[in-house]
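Under the numbering used here, the first residue of the sequence shown is numbered 81, with each subsequent residue one higher. Positions of the beta carbon are idealized from the N, C-alpha and C atoms, including for glycine. Here the structure comes first, spelled out in structure tokens, and everything after it is commentary.
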Amino acid sequence: MGSCRGCKWWRPDYFFDNLGECEKKTGIHLENKASCEMFEERSETEFCWCRDCRVTFHASERDLHRGHNFFCRTRVDPDAHEYTSTGD
């Protein structure tokens with residue numbers, strides 16, 4: 081068994097580093113650093129999110145992010161617009 085970081089069900093939050101959503105568990109929770117009974121190894125997709133650089137990149141650019149903390153699925157909070165202040 082592995083941790084959330086390597087699991088196909090885990091989607092880290094776009095704004096908060098240690099929070100995310102598990103498609104097998106209900107709700108948003110902290111990233112599990114220990115093993116989990118729901119763990120399934122993730123398979124990479126075409127586009128990924130680099131948590132270190134805070135950019136989206138194409139799979140062909142993975143070498144540029146080698147050693148970085150990146151995921152190919154992320155969770156974007158539908159209320160994220162409330163995290164920023166308005167320009168009024």
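Could you check where the beta strand (DSSP E) with residue i kicks off and where it finishes?
| i | result |
| --- | --- |
| Phe127 | 127-130 |
| Gly169 | One cannot answer for residue 169 here, as it falls past the ends of the chain, which runs 81 to 168. |
| Glu101 | 99-102 |
| Thr136 | 135-138 |
| Pro92 | 90-92 |
Taking buried to mean at least 16 other C-beta atoms within 10 Å of its own C-beta, is residue i buried or exposed?
| i | result |
| --- | --- |
| Cys84 | buried |
| Phe127 | exposed |
| Arg75 | As shown, the chain starts at 81 and ends at 168. That puts residue 75 outside it, with no answer to give. |
| Pro92 | buried |
| Gly100 | buried |
Under three-state DSSP, which class holds residue i?
| i | result |
| --- | --- |
| His145 | helix |
| Arg85 | helix |
| Glu121 | strand |
| Phe96 | coil |
Open item on the list: Assess contact between the region 126-140 and the region 109-116, defined as three or more Cβ pairs (one per stretch) separated by less than 8 Å. Is contact present?
Closed with: no
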